[in-house]
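S.K.: Residue 301 is where the sequence shown ends in the numbering used here, and the numbering goes up by one at each step.
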Amino acid sequence: MKIDNFSRAVISMRLMELGIADDLALRMPDTWLDTQARYHAILHGTTSPDFRVEQASDFAGRLVVGSHNGLFALLYCAFAGAGSDGPRVSAIVGDQGTQYERELASLASRRGFSIDFIHPTRRLIVECRKALAAGSVVVMLPDAWSQSPAEEDLEFAFPSGSFFTRSTLVRLIGLLDSSPIEAEVVEDEGGSFVIRCRLFNGMQGYFATLYDSLRQRPWEYERLLKLHRMFRPARAVAFGLSYRRGSDRLFFELQRGKTFRIGSGSPLDHLPDERVCRDKAVLDWIARRTAARIDALIHI
Numbered sequence: 002m003k004i005d006n007f008s009r010a011v012i013s014m015r016l017m018e019l020g021i022a023d024d025l026a027l028r029m030p031d032t033w034l035d036t037q038a039r040y041h042a043i044l045h046g047t048t049s050p051d052f053r054v055e056q057a058s059d060f061a062g063r064l065v066v067g068s069h070n071g072l073f074a075l076l077y078c079a080f081a082g083a084g085s086d087g088p089r090v091s092a093i094v095g096d097q098g099t100q101y102e103r104e105l106a107s108l109a110s111r112r113g114f115s116i117d118f119i120h121p122t123r124r125l126i127v128e129c130r131k132a133l134a135a136g137s138v139v140v141m142l143p144d145a146w147s148q149s150p151a152e153e154d155l156e157f158a159f160p161s162g163s164f165f166t167r168s169t170l171v172r173l174i175g176l177l178d179s180s181p182i183e184a185e186v187v188e189d190e191g192g193s194f195v196i197r198c199r200l201f202n203g204m205q206g207y208f209a210t211l212y213d214s215l216r217q218r219p220w221e222y223e224r225l226l227k228l229h230r231m232f233r234p235a236r237a238v239a240f241g242l243s244y245r246r247g248s249d250r251l252f253f254e255l256q257r258g259k260t261f262r263i264g265s266g267s268p269l270d271h272l273p274d275e276r277v278c279r280d281k282a283v284l285d286w287i288a289r290r291t292a293a294r295i296d297a298l299i300h301i
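Right, here's the structure in full:
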């Protein structure tokens with residue numbers, strides 16, 4: 002797995018918006034990349050990953066709510082054998098795309114179970130109820146359903162910011178299962194994985210679990226680059242991103258979505274890499290050069 006310098010800067014910025022210290026946020030992209038690559042290798046290896054399900058009960062015909070945290074694909078492996086219709090599981094698909102479906106289908110084929118994908122169409126409720134009635138476990142990952150905070154109508158506040166989602170998603174969960182299960186994949190000290198299950202306690206509880214994990218172990222969350230789709234920081238900071246692409250130094254302003262090439266001889270030449278710059282002289286130079294008004298510059 003590889004990410005470019007722009008993506009590294011974005012990941013660092015998202016973590017700073019969560020309230021994580023600058024120096025830690027700047028070091029995190031490599032840790033995140035290594036962790037996600039390790040998860041990918043575990044899932045696509047020749048041996049089955051070592052995991053167990055805590056608080057195991059009768060999951061047949063139940064809705065399981067999870068997130069893209071940790072080795073989340075284990076949810077499909079674990080619950081494929083928990084239904085009453087054979088080694089089969091159903092997955093409600095959000096915005097993950099066809100590549101996500103291909104990878105899960107490949108995983109299911111290697112692990113010896115079937116996976117049915119349910120898409121957000123007009124038949125979603127019908128298809129979900131059909132699967133549940135057949136005894137299948139239906140897995141939903143609500144953190145893949147938000148497009149941007151501006152488009153969502155429910156807000157859940159935490160110390161460093163708010164998560165946003167849509168009320169239609171909450172109603173959907175209630176329509177499918179009156180007491181759904183919330184499942185979280187956690188890696189223990191020995192390198193094996195535990196799937197912790199509990200009754201779903203609403204979206205406030207769901208986002209509280211995700212928020213705590215993001216603050217403590219952000220490298221485990223696959224969708225760091227898309228965190229802005231559901232999270233808005235409590236303190237708005239206008240960040241600019243300075244990064245290299247080949248031999249070029251580029252500057253990206255988020256507010257206008259514009260990229261500028263910065264030539265040699267600029268104040269950025271003297272900034273150490275992997276730094277956050279709040280020096281007024283540097284920010285004023287950027288403003289004169291690009292008309293961008295920023296509060297801080299992430300320099301990768």
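For each residue, glycine too, the CB sits at the ideal point set by N, CA and C.
1. Whole angstroms is fine: what's the gap from I43's alpha carbon to A22's?
2. Taking the straight line between their C-alpha atoms, what separation do you get for S68 and D144?
3. Which term fits T36, buried or exposed, when burial requires 16 or more other beta carbons within 10 angstroms of its beta carbon?
4. Per DSSP, what are the beta-bridge partners of T166 in this structure?
5. Would DSSP call N202 helix, strand or coil?
6. Applying the criterion that 16 or more other CB atoms from any shown protein chain within 10 Å of the CB defines a buried residue, is K227 buried or exposed?
7. Between A135, N6, A106, which has its C-alpha nearest A61's C-alpha?
8. Just the Cα atoms here: how many angstroms apart are R149 and H229?
9. How big is the Cα-Cα spacing for F252 and T99?
10. Given a threshold of 16 other Cβ atoms within 10 Å of its Cβ, counted over all protein chains shown, does T166 qualify as buried or as exposed?
11. For R89, report the span of its beta strand (DSSP E) as first-last.
12. Go ahead and pull the three-state DSSP assignment for L72.
13. For the putative contact between A297 and V277, defined by C-beta atoms under 8 Å, what is the C-beta separation to the nearest angstrom?
14. DSSP state of F52, grouped into three classes?
15. DSSP on S107, reduced to helix/strand/coil?
16. Does the Cβ-Cβ distance between F73 and V94 come in under 8 Å?
17. For the putative contact between H254 and I295, defined by C-beta atoms under 8 Å, what is the C-beta separation to the nearest angstrom?
18. Could you compute how far the alpha carbon of R290 sits from the alpha carbon of S214?
19. What residue range is occupied by the uninterrupted beta strand (DSSP E) comprising I263?
20. Out of H120, K3, S161, point me to the one whose CA is closest to W302's CA.
21. Relative to the C-alpha of E128, which candidate in F7, G71, R112, L176 has its C-alpha closest?
22. So is G162 buried or exposed if we call it buried at 16+ other beta carbons inside 10 Å?
23. Using 10 angstroms around the beta-carbon of S107, count the other beta-carbons present and answer buried if the total reaches 16, otherwise exposed.
M.R.: Working from what's here:
1. 30 Å
2. 6 Å
3. buried
4. L155
5. coil
6. buried
7. A135
8. Looking at the sequence itself, residue 149 is Ser, so the reference to Arg does not match. Computed Cα separation, rounded: 7 Å.
9. 32 Å
10. buried
11. 89-93
12. coil
13. 6 Å
14. strand
15. helix
16. no
17. The displayed chain sequence assigns Glu, not His, to residue 254. Rounded, the Cβ-Cβ distance is 7 Å, consistent with contact.
18. 40 Å
19. 259-263
20. Nothing can be reported for residue 302, as the shown portion of the chain is limited to 2 through 301.
21. L176
22. buried
23. exposed
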